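Q: Have a look at this one before I ask anything.
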Amino acid sequence: MHTVWKGSISFGLVNIPVKLHTATENKDIKLRQLHKKCHTPINYQKRCPDCEEEVAQEDIVKAYEYAKNKFVVLDEEDLEQLKKEQEEKAVEIIDFVKLEEIDPIYFEKSYFMAPDAGGAKAYSLLKEALNESGKIGIAKIMIRSKEQLAVVRVYKEGLIMETIHFPDEVRNIEDVPNLPEGQKIVKKELDTALLLVEQLTTTFDPEKYHDEYRSALMDLIEEKKTGKKTVTATDKKPKESNVTDLMSALQASIDKTKKKKPAAKKRTTTKAKKNA
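First residue of the sequence shown: 44, per our numbering; consecutive thereafter.
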């Protein structure tokens, strides 16, 4: 399993070297976009609309737009230094709270946490402490140039770290338009709804839920493959290099010049004229 972050996490004076591994994966079926005419995959290029030219990666800089079309350009060196300063800090668990105190809207991404070399005992100690107390740890961590708020909790036989949003990243529900207010609910309707909820109440079993759309899409793809309803992209013809083009042009020019050049006349000497 690929390691996405490596460092250490601490609580109190206990320091644990750990590695993070992505706990979930996106299984969406990726569909390519083809040119309808020749079935060649479409490329996307980075172009400057002002210069009307394609821009190479080394010619791109990062900037913050503080007002419309006004930017503060940030040097890559400054960003790297800032990132390095944050990454070198050991991740410290700053609080312990109950999991139910955090609304699910805050949760973002999950990572399996594994002990690195020499960290097995301290890892097990933290796991047992969280398990016995029924608490989770709150920490800050730097992942991919972004500081994240995170929780550390027990998951089955190990520990899991889940990044969570900062409060200012969660939008205010009062800003949602057309939320109903002051609706009068008839008791009979509520009793019927509660009865339905009771009838559908069960123990959560994730294995019973499946992505039916993804399965149907894969069945359709396999059906088309079996029925030979496939297309092949047109082979891309390699472009001749400038050097080849130049040499061809030069050779063609030479050949053309040879054909136009008149044959040289033989010079007749004076002695030959007299003998004639």
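We put the CB at the ideal spot given by N, CA and C, even for glycine. Computed from a predicted structure; not experimentally measured.
To test your reading of the DSSP string, which unbroken alpha helix (DSSP H) runs of 4 or more residues are found completely within the region 195-250?
A: 230-243
Q: Look at the alpha carbon of K231 and the alpha carbon of E217, and state the distance between them as a whole number of angstroms.
A: Near 29 Å, if we compare the C-alpha coordinates of E217 and K231.
Q: Within the same chain, show all residues whose beta-carbon is closer than 7 Å to that of F114, passing over the 5 residues directly before and after it, in chain order.
A: Taken in chain order, the residues that qualify are A106, Y107, E108.
Q: Under a CB-based cut-off of 8 Å, is E108 close to chain D?
A: Protein chains in the displayed structure number just one, and chain D is not present.
Q: Counting only runs of 3+ residues fully inside the region 82-160, write out the beta strand (DSSP E) ranges in chain order.
A: For the region 82-160, the full-length beta strand (DSSP E) segments reaching 3 residues or more read 105-110, 113-117, 134-140, 150-158 along the chain.
Q: If you check the beta carbons only, do D159 and K271 fall under 8 Å apart?
A: no
Q: According to DSSP, simplified to helix, strand and coil, what is N362?
A: No answer is possible for residue 362: the residues shown for the chain start at 44 and end at 319.
Q: At the level of alpha carbons, what is the spacing between A276 and K267?
A: 17 Å
Q: Mapping the DSSP letters down to three states, classify L77 as helix, strand or coil.
A: strand
Q: Tell me which residues share the same chain as R257 and place their Cβ nearer than 8 Å to its Cβ, disregarding the 5 neighbours each side in the sequence.
A: K70, D71, I72
Q: Is the distance from the Cβ of F150 to the Cβ of I207 below 8 Å?
A: yes
Q: Roughly how many whole angstroms lie between the Cα atoms of E255 and I228?
A: 35 Å
Q: Identify whether M44 lies in helix, strand or coil by the three-state DSSP scheme.
A: coil
Q: When burial is assigned at 16 or more other CB atoms within 10 Å of the CB, is M44 buried or exposed?
A: Label assigned to M44: exposed.
Q: Closest by CA to L56, which one among D121, E135, K183, D298?
A: E135
Q: From which residue to which residue does the alpha helix (DSSP H) around I264 run?
A: 255-269
Q: Is the region 78-88 close to the region 174-194, with three or more CB pairs under 8 Å?
A: no
Q: With respect to the beta strand (DSSP E) encompassing K182, which residues constitute its N-terminal and C-terminal limits?
A: The displayed chain sequence assigns Ala, not Lys, to residue 182. A182 -> beta strand (DSSP E) spans 179-186.
Q: With distances taken between CB atoms, is the gap from K183 to L192 smaller than 8 Å?
A: yes
Q: Give the single residue among C94, S188, H82 whose Cα lies nearest to the Cα of W333.
A: Missing from the structure shown is residue 333; the chain here goes from 44 to 319 and no further.
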